[in-house]
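Novice:
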Amino acid sequence: MAANATKLHTTLHRIANKWPVDPLRTELSFNNFLRARAATLESNPNAKFGNSDMQAQVKALEGLVENSWLKKYPITDRTLKPASKPEYYEKLRKELEEAPGRSWLQGLVNSWKGYIRMK
Numbered sequence: 337m338a339a340n341a342t343k344l345h346t347t348l349h350r351i352a353n354k355w356p357v358d359p360l361r362t363e364l365s366f367n368n369f370l371r372a373r374a375a376t377l378e379s380n381p382n383a384k385f386g387n388s389d390m391q392a393q394v395k396a397l398e399g400l401v402e403n404s405w406l407k408k409y410p411i412t413d414r415t416l417k418p419a420s421k422p423e424y425y426e427k428l429r430k431e432l433e434e435a436p437g438r439s440w441l442q443g444l445v446n447s448w449k450g451y452i453r454m455k
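At the far end of the sequence shown sits residue 455, using the numbering used here, and the numbering has no gaps.
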């Protein structure tokens with residue numbers, strides 16, 4: 337059980353190092369959560385979360401970090417540009433790239449612009 341816990345611990349650290357940082361929520365880091373989970377596993381290797389449930393979670397995280405689901409189910413152009421609103425995802429990507437550099441006031445102005453546009 338302890339060897340299994342050590343393997344899970346190292347795998348969680350490897351995943352945490354590969355996980356991308358969220359530029360919008362820098363104070364809420366999933367990397368830090370994974371490292372804390374690994375530290376808990378290291379300090380108490382016989383804990384119940386070291387069983388097959390934890391192994392399944394780690395396997396799912398590995399799949400996400402390595403983009404195995406994207407390789408298995410590729411995103412088509414039809415998905416990225418739906419007929420109802422073909423520019424939606426491109427505008428969303430642009431907005432997410434610009435958002436971290438905005439000030440609080442710029443964010444407020446943009447939200448009001450969106451509100452007025454909807455009316």
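C-beta atoms are modelled at their ideal positions from N, C-alpha and C, and glycine is treated no differently.
(1) Give the secondary structure of TRP405 by DSSP, where H, G and I count as helix, E and B as strand, and everything else as coil.
(2) Which whole runs of the alpha helix (DSSP H) in the region 406-453 are 4 residues long or more, in chain order?
(3) Can you find the residues in the same chain that come closer than 7 Å, C-beta to C-beta, to MET390, ignoring five residues on each side of it along the sequence?
(4) Pull up the distance between the alpha-carbon of ARG438 and that of ILE411, whole angstroms please.
(5) Whose CA, out of LEU377, HIS349, PRO436 and GLU378, lies closest to the CA of PHE366?
(6) Between GLU398 and ILE452, which are expected to be in contact by the criterion C-beta below 8 Å, what is the C-beta distance as a whole number of angstroms?
Specialist: Per the coordinate set shown:
(1) Residue 405 sits at position 69 when you count from the first residue of the sequence shown. The answer is helix: DSSP assigns TRP405 an H, G or I state.
(2) 413-416 and 424-434
(3) Your numbering for residue 390 matches position 54 in the sequence shown. Once the five neighbours on either side are set aside, the close Cβ partners of MET390 are LEU344.
(4) Stepping through the sequence shown from its first residue, residue 438 is reached at position 102. Stepping through the sequence shown from its first residue, residue 411 is reached at position 75. Looking at the two C-alpha atoms, the distance is approximately 30 Å.
(5) Here residue 366 refers to the residue found at position 30 of the sequence shown. Checking every option, the nearest Cα to that of PHE366 belongs to HIS349.
(6) Here residue 398 corresponds to residue number 62 of the sequence shown, with the count starting at 1. Here residue 452 corresponds to residue number 116 of the sequence shown, with the count starting at 1. That belief does not hold up - the Cβ atoms of GLU398 and ILE452 are roughly 45 Å apart, past 8 Å.
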